[in-house]
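Written out below as structure tokens is the structure these notes cover.
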Amino acid sequence: NVVIFGETGSGKSSFINTVAQKQQLAKTSNDAHGCTSTPECYTVEVSGKKYVLIDTPGLNEGSAGAVPDAEAKELLKNLLCELMSSRSDGIGLLVYCVCSATHPCTFVKAYNKVYSEICHKRVPIILVVEGLRNEREMESWWITNRGQCNSRGMHFANSPC
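Residue numbers (the working numbering): 401 to 561.
This is the structure:
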């Protein structure tokens, strides 16, 4: 199980479509409102291995969105707790999606809640930064922000992609 989480519009569903190499496996939206209202599971095969990618409602959408922020956080917490229980296959990876314009100080709260408090740092976590397609050097975001992430206690299993 791979759980993909992040703010509304951070590219969670697009990440799933990229991994699955299918244009519309997960529904995407180009506007400020999310299109994932409940956790959605997608079974994909990558290099001969099957994975369950779990798309989650976007965080921080606000009360006018498809899923108000408090409800999205509760849905994510319940999903993670269920997957972390002994009745489940567990979580193999957390994927935290953020927009390239987002400063690390704004996403540390969700990182701490999900990775530290709910998953107790027992699951590897990676950071996926959306919006770098037009950058000449995609690694420049990480070079610029790595110190900010580390100083706030955010450590990822690998460099962002």
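Glycine included, every Cβ here is placed at the ideal spot set by N, Cα and C. The model shown is predicted, which means the values in this text are computed figures rather than measured ones.
In this structure C505 touches R552 by the C-beta definition: roughly 7 Å separates them, less than 8 Å. For the options I454, L476, V452 and V446, the alpha carbon positioned closest to that of N460 is the one of L476. Annotated three-state conformation of V528 is strand, per DSSP.
The three-state reading of DSSP puts L453 in strand, counting E and B together.
N550 and K449 have their alpha carbons spaced roughly 32 Å apart. Of the residues L425, S447, S429 and N430, the one whose Cα lies closest to the Cα of E440 is L425. Contact check between the region 532 to 547 and the region 481 to 493: fewer than three CB pairs, one atom from each, fall below 8 Å, which does not count as touching.
Assigned with DSSP and collapsed to three states, V508 falls in helix. Leaving aside the five residues that flank W541 on each side, the residues in its chain whose CB is nearer than 8 Å to its CB run, in chain order, S500, V529, L532, E535 and P560. 8 Å or more divides the Cβ of L453 from the Cβ of V467.
Around F415, the same chain offers I404, V495, C497 and V528 as residues with beta carbons nearer than 7 Å, after the five sequence neighbours per side are excluded.
For F405, the enclosing beta strand (DSSP E) stretches over residues V402 to G406.
The shortest CA-to-CA distance from Y442 to any of S516, S429 and T456 is the one to T456.
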